[in-house]
Every structure is written in structure tokens, then in C-alpha cells.
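From first to last, the protein sequence lines stand for chains A and B.
The first sequence begins at 1 in our numbering and counts up one residue at a time.
The second sequence begins at 1001 in our numbering and counts up one residue at a time.
We put the beta carbon where it would ideally sit given N, CA and C, even for glycine.
One structure is given here, and the rest of the page talks about it.
2 protein chains.
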Amino acid sequence: MELTVGDAAARTGWSARMLRYLEEQGLVLPRRTRAGYRLYGLGELNQLRALRRLRARHGVELSDLAFAARLRRDADLRAAVDAWLAAADDHGSWIEWEQRKHERLLAA
Amino acid sequence: MELTVGDAAARTGWSARMLRYLEEQGLVLPRRTRAGYRLYGLGELNQLRALRRLRARHGVELSDLAFAARLRRDADLRAAVDAWLAAADDHGSWIEWEQRKHERLLAA
DNA sequence: CAAACCTTGACAAGCTTATGGTAATGTTTG
DNA sequence: CAAACATTACCATAAGCTTGTCAAGGTTTG
């Protein structure tokens, strides 16, 4: 039950082109047959469907997810980012800023 | 010891334009004088300098940081992203993929 | 009051992301 | 073997991000 790129595309709502792109971005990595054909198993199919939901429901961009992945592997980076955010939290009250952002959106 | 936007820019290596942009993105939020002038204190100045280091040393984009901030506040989103990444980790061996990416870069 | 700041809002250039297409070529299968 | 797939490598485009600049107007201060 391993699908080739076209079939995997058909069953997940992505295009074959995008499946190749997602691999290039390191987000969904199918194994390959000896001849080089991509093979998508159950795990990958679920990843692909979940990815669409993430985008649709939470407005997460592919680059965002790629960055989150990077954060998870690179402890050094994670520490730096966390430190920055902690300092920012400490400081600015983005709560009211968020309020204003909301108002800006309503005005549009 | 609170600086107006031009001075803060001069001392942090950003342009005044970018300081306004960073505020718009919710990354560095100065307080305001009654007349609406931005005021940057020590905390903000440090944030600004740290932000430049993050970009220079780790190649972090502003949008990446904005997303990380979003992750930190929105527990729902964080759970969704974490779940996705965990499944992905479980699965694909991005280690060798990372290897290939590296090779691609060397070839350029 | 005039110079030198600041404000917001808009337009624009250059770069990146996300996506589609095409071409040349290799693989699988009826 | 021929049809229907797949591969990589490009080129193209639309949308978004980053940054600069300009205009019309408000504020501060010598």
C-alpha cells in the first residue's frame, strides 16, 4: 500500500508538483524505489492531509512550518529565539497591540 | 533615557522605517508619548540589537520570529504544530535529507 | 516662528514563497 | 513496444515580505 507521487497527490488534494516541493523543503520525505520513484506510505499520506488542515485552519505557511522544524532540531537556535521572545514578553504589552491589529482588520 | 525613533534607529543599526515596520509586525513595541511619538527605552534597544544578531547569525527572518511569537501565545496552534512535527520526526529520516541539501548548496 | 524632528499613508523595487508548466529522459506494465 | 506513468531541471507568475522614499501634516524647541 505505497503510492507513487501522482496517486498520493490525487488522494491528498495536493498536486504532484507540490509533493515534490514539500520534499525539497524537507517537510514530507517519501522513500524511493531503486529507480528513484517516490513512494508515499500511510504515514506520509496522513502528514500531507494534516498539513492541509494546518494551513486551512490555522493559517500556517509552509515556511512557518519549516522554521518550526528547524527550531525543533537546532537547540542553539531555539535557545536564542526563546531568549528573545522571553525578553519581549517581559517587556512590551502586545496584548493591547493585538487589540489594535484586530481593529485594523475590522476597518478593512 | 528614552529615545525617539530616529535616535533609536541610529543606535541600533536599523532605519526608522524598519522600526515602524517592526512595531507593525508586533515584534518591538515602544511606548508612546501623549502626542504619539514612539519612545524606545533600554529594553527595546536591546531587543533591537538582539534581533539583528538573530538575523545575522542564524538566518532568522522577521516572519519566522513573528510565527515563533504566535506559537508561544496560541496553545492550540502550538499543539497542532507539535503534533505534526512529532509525526514527521517519527517518520522521515531528514538527517540524510539534510545531507543532500548541504550538497546542493555546495554545488552552487 | 522656523528648523528639525515626529506622525500616518501610499507607492515602488527587489527578493522569497508557492505554484504551475514544459522539455528531455527514464521506468513500468498491458 | 507503446502508453502512461515517473524523474530532474528549468522558466514563469502571483502573492507576500523587506525596505526605501515621498507627501501632507503635527510637535518641540532654540
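Does the beta carbon of residue i come closer than 8 angstroms to any beta carbon on chain A?
i: Val1005(B); result: no
i: Leu1022(B); result: no
i: Arg1072(B); result: yes
i: Leu1019(B); result: no
i: His1058(B); result: yes
i: Leu1039(B); result: no
i: Ala1107(B); result: no
i: Leu1062(B); result: no
i: Ala1080(B); result: yes
For residue i and residue j, which I take to be in contact (beta-carbon distance under 8 angstroms), what is that distance rounded to the nearest angstrom?
i: Leu1048(B); j: Leu1065(B); result: With 8 angstroms as the limit, Leu1048(B) and Leu1065(B) do not qualify as a contact, their Cβ atoms being about 12 angstroms apart.
i: Leu22(A); j: Trp1094(B); result: That pair is no contact at about 12 angstroms.
i: Val81(A); j: Val1081(B); result: Contact flag wrong, Cβ pair sits at about 14 angstroms.
In whole angstroms, what separates the C-alpha of residue i from that of residue j?
i: Leu1062(B); j: Arg70(A); result: 15 angstroms
i: Arg1034(B); j: Leu1003(B); result: 15 angstroms
i: Ala1087(B); j: Arg104(A); result: 37 angstroms
i: Gln1099(B); j: Arg78(A); result: 21 angstroms
i: Ser15(A); j: Ala1075(B); result: 31 angstroms
i: Asp90(A); j: Ala1056(B); result: 24 angstroms
i: Lys101(A); j: Gly1013(B); result: 26 angstroms
i: Asn46(A); j: Gly1026(B); result: 34 angstroms
i: Arg1020(B); j: Phe1067(B); result: 19 angstroms
i: Leu1042(B); j: Glu1024(B); result: 20 angstroms
i: Arg1072(B); j: Met1018(B); result: 24 angstroms
i: Glu44(A); j: Met1001(B); result: 55 angstroms
i: Leu106(A); j: His1058(B); result: 36 angstroms
i: Gly36(A); j: Arg52(A); result: 26 angstroms
Does the beta carbon of residue i sit closer than 8 angstroms to a beta carbon anywhere in chain B?
i: Gly36(A); result: no
i: Ala50(A); result: yes
i: Gln47(A); result: yes
i: Trp14(A); result: no
i: His91(A); result: yes
i: Leu85(A); result: yes
i: Ala10(A); result: no
i: Ala75(A); result: no
So, are the CB atoms of residue i and residue j less than 8 angstroms apart?
i: Trp1084(B); j: Ala50(A); result: yes
i: Arg32(A); j: Val5(A); result: no
i: Tyr40(A); j: Ala10(A); result: no
Run through the DSSP bridge pairs and tell me what residue i is partnered with.
i: Leu3(A); result: Tyr40(A)
i: Arg1032(B); result: Arg1038(B)
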